[in-house]
Amino acid sequence: MKQVAQQDAERARYLVEKAEMMRQAAVITAEGDSEGAKLLALAFREAGEGLVELRKLEAAEDIAYQLSGSRNITYLPSGQQTLLSLPQ
104 MKQVAQQDAE RARYLVEKAE MMRQAAVITA EGDSEGAKLL ALAFREAGEG LVELRKLEAA
164 EDIAYQLSGS RNITYLPSGQ QTLLSLPQ
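When you read off a place in the sequence shown, starting at 1, and then add 103, the result is the number in this note's numbering.
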């Protein structure tokens, strides 16, 4: 009976230690996210919105590249004349 109580106590201690480590990990992650947000805000202040535009262009390029390999995608020329050139 004593051995079971000791094992239960050790299990409870382990769970408490695990919860504390998870809490510390969450704090460290939040601090890192906060520092990252500060650095981004500083970069936007110094460089303007150019970085955001660059990231948008990079994302659009990546999406276009991924879609270009799909056989289910059809590219049509832009403009109002697109539908007028279809045979009737």
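Every residue gets a Cβ at the ideal spot worked out from N, C-alpha and C, and that includes glycine.
Everything numeric in this text was worked out from a predicted model, so none of it was measured.
Straight-line Cα distance separating residue j from residue i
i, j, result
"residue 161", "residue 145", "21 Å"
"residue 107", "residue 147", "60 Å"
"residue 165", "residue 155", "15 Å"
"residue 163", "residue 170", "10 Å"
"residue 196", "residue 167", "One cannot answer for residue 196 here, as it falls past the ends of the chain, which runs 104 to 191."
"residue 126", "residue 114", "18 Å"
"residue 129", "residue 177", "46 Å"
"residue 123", "residue 140", "26 Å"
"residue 157", "residue 136", "22 Å"
Endpoints, the alpha helix (DSSP H) within which residue i is located
i, result
"residue 126", "105-150"
"residue 153", "153-171"
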